[in-house]
Amino acid sequence: KAGVTQTPRYLIKTRGQQVTLSCSPISGHRSVSWYQQTPGQGLQFLFEYFSETQRNKGNFPGRFSGRQFSNSRSEMNVSTLELGDSALYLCASSPMFRTAEAFFGQGTRLTVV
Amino acid sequence: QQQVKQSPQSLIVQKGGISIINCAYENTAFDYFPWYQQFPGKGPALLIAIRPDVSEKKEGRFTISFNKSAKQFSLHIMDSQPGDSATYFCAASGTAGNKLTFGGGTRVLVKP
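In structure tokens form, the structure reads like this:
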């Protein structure tokens, strides 16, 4: 079974631009969560989607948004990029909502210059 | 508010030794406690997990010990190998969907 696929693996963007990251969950998994990983703040929860609906949201500004499609694939968008948004963005898929087991992709390394 | 505290931040262990990482949580609503292993350039990989109804779970060389009354849990890596050198994260969930609250991570170095 293929794992969680995140694209692209690396991105370099300029401050003020916007970016869209993509995540394909494990086949059959319907819940997708997004996390930001930085050396200073560690792993922080961004949001979770299940059945195309945002179920939970972390403590991030409105510049961070996401969506989920009917095939469970998910995208997250960051608008008006700031230098502090440079991070590894990780997607995790879970079989259902409230099943807890989460499997992570390799992440997208975003660098804002 | 850091809801899961992890210690130590780093540790060095000799090959064949035991690595012990500790975590403490505050929210009694947490009901699922996984450990993740992360290598440089990779995403976290689920290692082992436990629920509060058991006090210990073992999978190969990895053991989780859980103390519900103390709100603490720990990971023991027995017979540590150089290939175990990685960053380990404890986490907790149960308050909202599949949301995981992570500890700060422990960088483990196993010396040959």
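Protein chains in written order, with our numbering: chain A, 7 to 119; chain B, 2 to 113. Ideal Cβ placement from N, Cα and C applies to all residues, glycine included.
Among the residues of its own chain, which have a CB less than 8 Å from the CB of Lys72 (chain B), if the five just before and after it don't count? Ala25, Tyr26, Glu27 and Thr29
For the segment 35-67 of chain B, which residues have a beta carbon sitting closer than 9 Å to at least one beta carbon of chain A? Pro35, Tyr37, Gln39, Gly42, Lys43, Gly44, Pro45, Ala46, Leu47, Ala50 and Arg52
Using a Cβ-Cβ cut-off of 7 Å, state whether Ser8 (chain B) counts as contacting chain A. no
Considering only the alpha carbon of each residue, which of B:Ser8, B:Gln7, B:Gln4 and B:Val14 lies closest to Pro83 (chain B)? B:Val14
Please confirm if the segment 71-81 of chain A is in contact with the segment 62-81 of chain B, defined as three or more CB-CB distances below 8 Å between the two stretches. no
Just to confirm the assignment, what range does the beta strand (DSSP E) spanning Gln74 (chain A) have? Phe70 to Gln74
Once DSSP output is grouped into helix, strand and coil, what is the label at Pro35 (chain B)? strand
Neighbouring residues, chain A, relative to Ser94 (chain B) (Cβ below 7 Å): Ala106
Contacting residues, own chain, Cβ-Cβ under 7 Å from Leu87 (chain A) (five flanking each side not counted): Lys19, Arg21, Gly22, Gln23, Gln24, Val25 and Val118
Beta-carbon spacing of Gln39 (chain B), Thr102 (chain B) below 7 Å: no
Determine the burial state of Glu36 (chain A): buried for a count of at least 16 other Cβ atoms within 10 Å of its Cβ, exposed for fewer. In the sequence on display, residue 36 (chain A) carries Arg and not Glu. Buried: at least 16 other Cβ atoms inside 10 Å.
Can you grab the Cα-Cα spacing for the pair Lys104 (chain B) / Gln50 (chain A), in whole Å? The sequence given here places Gly at residue 104 (chain B); Lys does not occur at that position. Approximately 10 Å between the Cα atoms of the pair.
Distance check for Cys29 (chain A) and Thr59 (chain A), CA to CA, integer angstroms please. 15 Å
Can you have a look at Ser20 (chain B) and say buried or exposed, based on whether 16 or more other CB atoms are within 10 angstroms of its CB? buried
In three-state terms, what does DSSP make of Gly64 (chain A)? coil
Find the residues of chain A that neighbour Ala97 (chain B), judging by a C-beta separation of less than 7 Å, and give them in chain order. Asn62
Identify the residues that DSSP records as bridge partners of Gly48 (chain A): which are they? A:Thr44
Which of helix, strand or coil does DSSP assign to Leu94 (chain A)? strand
Check the DSSP bridge columns for Gln12 (chain A) and list the partner residues they point to. A:Cys29
Going straight from the alpha carbon of Leu17 (chain A) to that of Gly111 (chain A), what length do you get? 16 Å
Under 7 Å Cβ-Cβ, which residues of chain A neighbour Lys69 (chain B)? Result: empty, since nearest Cβ-Cβ is about 17 Å, beyond 7 Å.
Under 7 Å, do Trp40 (chain A) and Met102 (chain A) count as touching if we go by C-beta distance? no
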